[in-house]
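Asks:
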Amino acid sequence: MAPPSLPQPSSSTLYRGRRARRRRERSWPRRIALLVTVVVLLALALAVALFFWAGGQLRQMDALSGYPERPSSGKGTNWLLVGSDSRRDLTPGQQQELHVGHDAGRNTDTVMLLHYGDSGPYLVSLPRDSYVTIPGHGKNKINAAYGIGGAKLLSRTVEQATGLRVDHYAEVDFLGLVQVVDALGGIRLCLDKPLKDEKSGADFPAGCSRMNGVQALAYVRARYSDPRGDLGRVQRQRALISAVSARMLGPGVLLNPFRVVPALDAALAALRVDDRTGMVDLTQMGLSMKQVADGSGQAVTVPVTGPGEEVAGAGDVLVWDEERARRLFRAVRADEPIPTSAEK
Numbered sequence: 030m031a032p033p034s035l036p037q038p039s040s041s042t043l044y045r046g047r048r049a050r051r052r053r054e055r056s057w058p059r060r061i062a063l064l065v066t067v068v069v070l071l072a073l074a075l076a077v078a079l080f081f082w083a084g085g086q087l088r089q090m091d092a093l094s095g096y097p098e099r100p101s102s103g104k105g106t107n108w109l110l111v112g113s114d115s116r117r118d119l120t121p122g123q124q125q126e127l128h129v130g131h132d133a134g135r136n137t138d139t140v141m142l143l144h145y146g147d148s149g150p151y152l153v154s155l156p157r158d159s160y161v162t163i164p165g166h167g168k169n170k171i172n173a174a175y176g177i178g179g180a181k182l183l184s185r186t187v188e189q190a191t192g193l194r195v196d197h198y199a200e201v202d203f204l205g206l207v208q209v210v211d212a213l214g215g216i217r218l219c220l221d222k223p224l225k226d227e228k229s230g231a232d233f234p235a236g237c238s239r240m241n242g243v244q245a246l247a248y249v250r251a252r253y254s255d256p257r258g259d260l261g262r263v264q265r266q267r268a269l270i271s272a273v274s275a276r277m278l279g280p281g282v283l284l285n286p287f288r289v290v291p292a293l294d295a296a297l298a299a300l301r302v303d304d305r306t307g308m309v310d311l312t313q314m315g316l317s318m319k320q321v322a323d324g325s326g327q328a329v330t331v332p333v334t335g336p337g338e339e340v341a342g343a344g345d346v347l348v349w350d351e352e353r354a355r356r357l358f359r360a361v362r363a364d365e366p367i368p369t370s371a372e373k
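Residue numbering for the sequence shown is 30 to 373, as defined by this note's numbering.
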């Protein structure tokens, strides 16, 4: 007996099957697009939430003030960036670990001007030993202004010495720097030759090294074993700031929530800004610093007349080359490229 024949699907059934298969095939790109959209929206929501959270954590201070002879605003935006050597919040154990001593006074290890606008960005280092007029207190090293009158007197001193109006102020202290570098998982710094300084604790071979926060602080504070003194430290300060900016705004941190949140938390805890600075300003400043780090900006030091001069009552100081310094600050004020004759 012949086996019974199976019923054959009708042409309409075959058509419906092929149409359903085509619908399923066409739906996959839509599903993937929907998934990508959801992920992007979640990332944007997280970024917005993080932005507003950071704004609430921002520590502000009264750092800028008006006075009769204050310079008028030039073109572009100027930041005064300060690294404070205050030991106020350090325990004796931390002072020993960080090799910072027990000095109860307040000074600044780092003084820089960041400018951005149609030209730049430019990062201009003002060596801490710069011999300038401190309003109401005669001539002294520029870092003494902070010890005498805090951020307000320092910002006024910088404005009077440079002829530039400071639009924003940002300050980081010793411990804050260490915590930021550690939260970033360390930073990579390179040296042309070995660096050893007993007072700062620096002891690094030539070449590139991965440094934690304590090591980074030792690196940036070393100067007694450097024949260039304060000028050598200025170059290391810029290298450190560039490394921190590049690491903070690099994909390894920004795209990793387990890294970016602790890093941002540490940075905000370490940072104090003037009372007119918000997160939009701070973000723009950070992006400009990254441009400098990437080489699309320019980093210079105020030109000086020589390696150092001994002045009674002030010690070893650096005297600015007035003509070249004037050309440098004139270009910054006009938001123009820094002339080669003003670079140092």
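By construction, the Cβ of each residue, glycine as well, lies at the ideal position given by its N, Cα and C atoms.
Please classify residue 169: is it buried, with 16 or more other beta-carbons within 10 angstroms of its beta-carbon, or exposed?
Replies: The residue is buried, with at least 16 neighbouring Cβ atoms inside 10 Å.
Asks: Note down, one range per segment and in chain order, each beta strand (DSSP E) of at least 3 residues found wholly within the stretch 316-363.
Replies: Within the stretch 316-363, the complete beta strand (DSSP E) runs of at least 3 residues are 327-330, 338-340 and 344-346.
Asks: Assuming the contact rule is C-beta atoms closer than 8 Å, residue 156 and residue 185 should be a hit. Round their C-beta distance to whole Å, please.
Replies: Not quite, the Cβ-Cβ distance comes to about 19 Å (not below 8 Å), so this is no contact.
Asks: Residue ranges of each alpha helix (DSSP H) run of no fewer than 4 residues wholly in the stretch 177-230, ordered along the chain?
Replies: The qualifying runs are 203-212.
Asks: Closest to residue 274 by CA distance: which of 252, 152, 336 and 172 is it?
Replies: Residue 152 is the option with its Cα nearest to residue 274.
Asks: Specify whether the stretch 313-323 and the stretch 271-289 touch according to this definition: at least 3 beta carbon pairs, one from each stretch, less than 8 Å apart.
Replies: Cβ pair count under 8 Å is three or more, so yes.
Asks: Does the distance from the CB of residue 356 to the CB of residue 368 come in under 8 Å?
Replies: Cβ distance < 8 Å, so residue 356 and residue 368 count as in contact.
Asks: State buried or exposed for residue 262, treating a residue as buried only when at least 16 other CB atoms are found within 10 Å of its CB.
Replies: By the 10 Å Cβ count, residue 262 comes out buried.
Asks: Per DSSP, what are the beta-bridge partners of residue 112 in this structure?
Replies: The partner list for residue 112 (beta bridge, DSSP) reads 139 and 201.
Asks: Just to confirm, is the Cβ distance from residue 187 to residue 195 under 8 Å?
Replies: Yes, these two residues count as a Cβ contact at 8 Å.
Asks: Identify whether residue 91 lies in helix, strand or coil by the three-state DSSP scheme.
Replies: It is coil, neither helix nor strand.
Asks: Rounded to whole angstroms, what's the CA-CA distance from residue 234 to residue 113? Just pull it up for me.
Replies: Cα to Cα, residue 234 sits roughly 27 Å from residue 113.
Asks: If you follow the alpha helix (DSSP H) that residue 267 is in, where does it begin and where does it stop?
Replies: Element bounds for residue 267: 259-277.
Asks: If you reduce the DSSP assignment to three classes, tell me which class residue 399 lands in.
Replies: Nothing in the structure corresponds to residue 399, since the chain is present only between 30 and 373.
Asks: For residue 148 and residue 364, what's the separation of their Cα atoms in angstroms?
Replies: One C-alpha to the other measures close to 6 Å.
Asks: Have a look at the DSSP bridge pairing and note the partners of residue 170.
Replies: Note: residue 170 sits in a beta bridge opposite 160.
Asks: If we count the other Cβ atoms within 10 Å of its Cβ and call it buried at 16 or more, is residue 198 buried or exposed?
Replies: By the neighbour-count rule (16 or more Cβ atoms within 10 Å), residue 198 is buried.
Asks: CB residue 110 to CB residue 63, shorter than 8 Å?
Replies: For residue 110 and residue 63, no; Cβs fall outside 8 Å.
Asks: By how many angstroms is the C-alpha of residue 209 removed from the C-alpha of residue 242?
Replies: Cα to Cα, the separation comes out at about 7 Å.
Asks: Helix or strand or just coil, what does DSSP make of residue 99?
Replies: Residue 99: coil per DSSP, three-state reduction.
Asks: Based on the DSSP output, what are the partners of residue 236 in its beta bridges?
Replies: The partner list for residue 236 (beta bridge, DSSP) reads 220.
Asks: Hey, could you find the ends of the alpha helix (DSSP H) residue 147 is sitting in?
Replies: Run containing residue 147: none; DSSP gives neither H nor E here.
Asks: Taking its Cβ as the centre, do 16 or more other Cβ atoms sit within 10 Å of residue 244, making it buried, or is it exposed?
Replies: Answer is buried; the Cβ neighbour count reaches 16.
Asks: Taking residue 305 as part of the beta strand (DSSP E), name the residues at either end of that continuous run.
Replies: Counting along the chain, residue 305 falls outside any beta strand (DSSP E), and DSSP gives it neither H nor E.
Asks: Where residue 239 and residue 327 are concerned, what is the direct C-alpha to C-alpha distance, given to the nearest angstrom?
Replies: Rounded to the nearest angstrom, the two C-alpha atoms are 25 Å apart.
Asks: On the CB-based measure, 16 or more other CB atoms within 10 Å of its CB, does residue 251 come out buried or exposed?
Replies: By the 10 Å Cβ count, residue 251 comes out buried.
Asks: Give the straight-line distance between the Cα atoms of residue 193 and residue 309, rounded to the nearest whole angstrom.
Replies: Roughly 22 Å separates the two Cα atoms.
Asks: Where residue 140 and residue 58 are concerned, what is the direct C-alpha to C-alpha distance, given to the nearest angstrom?
Replies: Spanning the two alpha carbons is a distance of roughly 55 Å.
Asks: Please classify residue 266 as buried or exposed, where buried requires at least 16 other C-beta atoms within 10 Å of its C-beta.
Replies: Buried, by the Cβ-count rule.
Asks: For residue 5, which three-state DSSP category applies?
Replies: The question about residue 5 has no answer here: the residues shown for the chain are numbered 30 through 373.
Asks: The alpha helix (DSSP H) with residue 247 in it runs from where to where?
Replies: Where residue 247 is concerned, the enclosing alpha helix (DSSP H) stretches over 242-250.
Asks: Could you give the residue range of the alpha helix (DSSP H) that holds residue 368?
Replies: First-last for residue 368: undefined, no H or E at that position.
Asks: Report yes if the C-beta distance between residue 90 and residue 304 is below 8 Å; otherwise report no.
Replies: Result yes, Cβ atoms of residue 90 and residue 304 sit closer than 8 Å.
Asks: Among 329, 318 and 340, whose alpha-carbon lies nearest the alpha-carbon of residue 145?
Replies: Minimum Cα distance to residue 145 is reached at 318.
Asks: Can you tell me where the alpha helix (DSSP H) with residue 255 in it begins and where it stops?
Replies: Note, residue 255: premise wrong, no alpha helix (DSSP H); not H, not E.
Asks: Can you tell me whether residue 217 is buried or exposed, with buried defined as 16 or more other CB within 10 angstroms of its CB?
Replies: Residue 217 is exposed by the Cβ-count criterion.
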